[in-house]
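Protein chains in written order, with the working numbering: chain C, 25 to 216; chain X, 25 to 216; chain V, 25 to 216. No residue lacks a Cβ here, since even glycine has one placed at the ideal position from N, Cα and C.
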Amino acid sequence: MFTDAAGNLLDGSVLLKELFDAEPGQRPEIATRLKAVEHAGDDATHAIFRALNTSFITPFDRDDIAQLAGQLDDVLDAMEAAADLSVLYQIQELPSGVDAQIAILHQASELTVDAMPRLATLQNLDSYWITINDLENQADQVYRSLLADLFNNGTEPLRLFKIKEVVDQLEEAADAFEHVANVIQSIAAKES
Amino acid sequence: MFTDAAGNLLDGSVLLKELFDAEPGQRPEIATRLKAVEHAGDDATHAIFRALNTSFITPFDRDDIAQLAGQLDDVLDAMEAAADLSVLYQIQELPSGVDAQIAILHQASELTVDAMPRLATLQNLDSYWITINDLENQADQVYRSLLADLFNNGTEPLRLFKIKEVVDQLEEAADAFEHVANVIQSIAAKES
Amino acid sequence: MFTDAAGNLLDGSVLLKELFDAEPGQRPEIATRLKAVEHAGDDATHAIFRALNTSFITPFDRDDIAQLAGQLDDVLDAMEAAADLSVLYQIQELPSGVDAQIAILHQASELTVDAMPRLATLQNLDSYWITINDLENQADQVYRSLLADLFNNGTEPLRLFKIKEVVDQLEEAADAFEHVANVIQSIAAKES
C-alpha cells in the first residue's frame, strides 16, 4: 500500500516537471491531471485508514502507519498546490531555480519509492534518511537563493509574490519528504 | 473535557462571523471577546495536561490525548490570529470569499463538537473524518480563488498583503480542523 | 545528549543577537558561524537516531525521543534561516521589535537547557511548560505589533517583505520552542 502511495508522488513529480516545461496554455490540462493523481493519493490514504479500522494485523504501530499515510499525503498536496497556483495566478515565466527545485523533488520521490519496500526488512533505511536530509538542505539553498535573486533584482511586487506562492509550495513539498523520512526513521528505531 | 474544548471552537467560529459582519469600529471589542475564548481554550488544554499528570486512568493513550489537546488549541489560535490581525492592520473591507471561509469553519466546528462524544463509543467517526476532509478541500478551493482574484485584480500590494495575512490564518484554521480529525481517526484505528 | 542539543540552541540564540547587533558588513561571517552550529545540531540529531537504532535501552519511548530530536532541530533551522535570509536579502536596518523577538528566543533557550536534565527525574516540568507557553504568547504579540507597524507605516513593499521573511523565521523559532515543550509535557504525562 505504501509503495503505491509513494508511486503517486513519483507520478506527481513527473507531471510537475511536464507542467513547468510546457507552454502556459497547456498548463491547465496538466494541472488537472496532477489533481487526479492527488485524488488517487487521497483514496490511498483513506484505504490505509479503513484497513487500520478493520481487524487486519499490522507489523508496525497503527499510529505510525496513520502518520506515514498523512505525511505522504502532505507531499502530494504541496505539489498539487504549486501546479494549481501557477495556473490560477496566470504566471507566464518562472525563474530558473524552479527547475532545480523540481529536480530535487523528483529525486526525493524516487528515493522514497525505493525505500518503501525496505520497510519490510528495515534494511538500508539509514542511508535513505541521510540522503533525504541532504536533499532537503540542498532544496533550502536553492529556495533561498532563488528568493534572494527575485527580491534583489527589482522584480515587480505583485509578480514577485505570485512566484513566491508557487516556490513556497515546492519548498513545502521538499520539507514534507523530510517529514516522511523522519517517520520512517522513527518506525525503524522502534522496531530495531 | 474534549467536548468542552470543541465547544470553544464553536464559540470562536460564531465570534469570527460576528466580527467580519460588523462595522470596523466594533471589531476591536469582538476581537477581545475572541481572545477571552482563546484563553479559555488554553486553560482547557492545560487542565487536560494536568489531569494526564495525575494518576487518573484514561481510556486512550496519554500521547494521543496530549496531541488532540494541542491540535484543538491550534484551531483556536488561528481563529484568534485572524481576528486580531484584521484589527491590527485596520482592514476596512474584506473580499467576499472570506464569508465562505468562515462558513466552512463554522460547519467544521459543529461537526467536531458532534464527534467528540462519539470518541467514547468510536461509532460513526469514519463519516466525520470524510466530511472534514471534504470541507478542507472546499476551503482550499475558496482560499485559492480568493487569492487569485486579489492578485489578478490589480489590488494595491500593501492592501493585498494585509488581507492575505488574515485569509492565511483562516486557511490555517481549516487545515487545523483536518489535523484534529486525523488524530481522532488515528485513535479510532488503534482502539478498534 | 538532549542537554547538548539544547546547548546548541543557546549558542544559536547568542549568535543571532550578535548578528543583529553587528554592522551589516560583519553579518555574513556571523551567519557562517551560526550555520556551523546548525550543522552540529544536525549531527546531534543524527547521533540520537543512530543510538536509537542500536540496541541501547531508553527510559522513554523511542518514538518520543525521535520527535524531541526533530523538534529541537526545527528551532535551530528557523534561527539559522533568519540569519541567512537577513544576509541574502542584504537588509541594512531591522525594526526594533526584532530585539524583543531575539530576547524571547534567548530566554526560551535558557529554559530549555535547564529543563533537559529534569527529564531524568520528571520534576518541575510543569512550570517549564507554562513559562514557555507564556513566552510564546509574548512572542506572538511582539510579532504582530511589529508587522502592524511595518504595514501601517507605509514601508516600501519589497523592503517590507524582505523584513517579513526574517521576522517570520524568528516567530517560527518561538513556535518551535513551544513544540519542544509540548513533546516534553507529553513524555512527562506518559511516565507519571
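Which listed residue (the options) has its alpha carbon closest to that of residue i
{"i": "C:L159", "options": "C:A46, C:A124 and C:E53", "result": "C:A124"}
{"i": "V:A55", "options": "V:D164, V:V111 and V:L194", "result": "V:V111"}
{"i": "V:L143", "options": "V:E196, V:R86 and V:I211", "result": "V:I211"}
{"i": "V:D45", "options": "V:L118, V:D150 and V:L170", "result": "V:L118"}
{"i": "X:S133", "options": "X:D97, X:Q114 and X:D108", "result": "X:D97"}
{"i": "X:V166", "options": "C:E53, C:L43 and C:L109", "result": "C:L109"}
{"i": "X:S151", "options": "C:D150, C:E47 and C:H70", "result": "C:H70"}
{"i": "V:P52", "options": "V:I208, V:Y113 and V:V38", "result": "V:Y113"}
{"i": "C:F84", "options": "C:D173, C:T145 and C:L184", "result": "C:T145"}
{"i": "C:D35", "options": "C:Q50, C:I126 and C:R74", "result": "C:I126"}
{"i": "V:L39", "options": "V:A213, V:E47, V:R57 and V:T27", "result": "V:R57"}
{"i": "C:A213", "options": "C:E47, C:Q147 and C:K59", "result": "C:Q147"}
Residue i: contacting residues in chain C (beta-carbon distance under 8 angstroms)
{"i": "V:K186", "result": "F175"}
{"i": "X:Q162", "result": "Result: empty, since nearest Cβ-Cβ is about 14 angstroms, beyond 8 angstroms."}
{"i": "V:G94", "result": "N206"}
Whole-Å CB distance - residue i paired with residue j, under 8 angstroms assumed
{"i": "V:N206", "j": "X:G94", "result": "6 angstroms"}
{"i": "X:F175", "j": "C:K186", "result": "6 angstroms"}
{"i": "X:M140", "j": "X:I72", "result": "Contact flag wrong, Cβ pair sits at about 13 angstroms."}
{"i": "X:G121", "j": "X:L170", "result": "3 angstroms"}
{"i": "V:D191", "j": "V:I115", "result": "Sequence inspection shows Val at residue 191 of chain V; the Asp mentioned does not correspond to that position. With a Cβ gap of about 10 angstroms, V:V191 and V:I115 do not count as contacting."}
Contact set for residue i: own chain, Cβ-Cβ below 6 angstroms, skip 5 residues either direction
{"i": "C:A163", "result": "I128 and A198"}
{"i": "V:Q193", "result": "A102, A105 and A106"}
{"i": "C:H130", "result": "S37"}
{"i": "X:L43", "result": "R51, I54 and A107"}
Beta-carbon proximity list for residue i, same chain, < 7 angstroms, skipping 5 on both sides
{"i": "V:N32", "result": "V61, A64, G65, A68 and L100"}
{"i": "C:T136", "result": "A30, L33, F201 and V204"}
{"i": "X:G49", "result": "none"}
Nonlocal neighbours in the same chain, by C-beta distance under 8 angstroms from residue i, ignoring five residues either side
{"i": "V:L76", "result": "T82, R86, I89 and A90"}
{"i": "X:T155", "result": "L135"}
{"i": "X:D138", "result": "Y152"}
{"i": "X:I208", "result": "L92, A139, L143, L149, Y152 and W153"}
{"i": "X:E195", "result": "Q125, A163, D164 and Y167"}
{"i": "C:R74", "result": "none"}
{"i": "C:L184", "result": "L174 and F175"}
{"i": "C:T27", "result": "V137, M140 and P141"}
{"i": "X:N157", "result": "E202 and A205"}
{"i": "V:K188", "result": "L171 and L174"}
{"i": "X:T179", "result": "I187"}
Under 7 angstroms by beta carbon: chain V residues contacting residue i
{"i": "C:A172", "result": "L112 and Y113"}
{"i": "C:R168", "result": "D108, L109 and L112"}
{"i": "X:A200", "result": "None at all; the shortest Cβ gap to chain V is about 13 angstroms."}
Contact set between residue i and chain X, taken where Cβ atoms lie within less than 7 angstroms
{"i": "C:L182", "result": "F175 and P181"}
Residue i: CB within 7 angstroms of a non-hydrogen atom of the ligand HEM
{"i": "V:L129", "result": "The model on display carries no ligand, and the ligand HEM is accordingly not part of it."}
Chain-ordered neighbours of residue i on chain C, where CB pairs are closer than 7 angstroms
{"i": "X:A213", "result": "F73, L76, N77, R86 and A90"}
Listed by chain order, chain C residues near residue i by CB distance under 9 angstroms
{"i": "X:Q193", "result": "What X:Q193 touches in chain C: nothing, since even the nearest Cβ is about 16 angstroms away."}
is_contact[residue i, chain A] using C-beta, thresh 8 angstroms
{"i": "V:I89", "result": "The structure shown contains no chain A; the protein chains it does contain are C, X and V."}
Quick one, which residues of the stretch 117-151 of chain C are near chain V if we go by CB-CB under 8 angstroms, in chain order?
-> Those residues of the stretch 117-151 of chain C that come within reach of chain V (Cβ to Cβ, closer than 8 angstroms) are D150.
Chain-ordered residues of the stretch 25-39 of chain V with a beta carbon less than 7 angstroms from chain X | The stretch 25-39 of chain V vs chain X, Cβ under 7 angstroms: nothing.
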